[in-house]
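Numbering (my numbering), first residue to last: 23 to 150. For each residue, glycine too, the CB sits at the ideal point set by N, CA and C. Read the structure below first, then the notes.
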């Protein structure tokens, strides 16, 4: 599932990082949309119906954790795989996957590893 029909939504308030990340993800053949606020993110997910969400944990107005919880309560939206995007270190984030996310991407990331994680997550989710 790597085509411009596969949409990835990046929710991150760091606009420069989101722009660079979207460039790398696009280079992998994905369509990418960036959204820079926590507030309104659930509505954006409903509007865009992405195939995968890259969700920053710390946003200024509402945490990515809260957004994830809301998405997990919606029958349709909980079917969208979520990768948390965080500056935290492994060991500080052991509870994130228990919230319903399929994984964690640590900032800074290696572009190749990010694309590999996205592809693997989409493949695993498609097989479910």
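query, result
"State the beta-bridge partners of residue 127 as determined by DSSP.", "107"
"Unbroken beta strand (DSSP E) runs of length 3 or more, entirely within the region 28-96: which are they?", "29-33, 53-57, 74-78"
"Are at least three pairs of beta-carbons, each pair with one atom in the region 63-70 and one in the region 131-144, less than 8 Å apart?", "no"
"How far does the alpha helix (DSSP H) with residue 98 in it extend, from its first residue to its last?", "Looking at the DSSP string, residue 98 is not in any alpha helix (DSSP H), and its letter there is neither H nor E."
"What first and last residue would you give for the alpha helix (DSSP H) that runs through residue 137?", "133-149"
"Looking only at C-alpha atoms, which of 125, 55, 53, 45 sits nearest to residue 103?", "125"
"Once DSSP output is grouped into helix, strand and coil, what is the label at residue 121?", "helix"
"Assuming residue 88 contacts residue 58 under a Cβ cut-off of 8 Å, what Cβ separation, rounded to an integer in Å, is found between them?", "About 17 Å separates the two Cβ atoms, so there is no contact after all."
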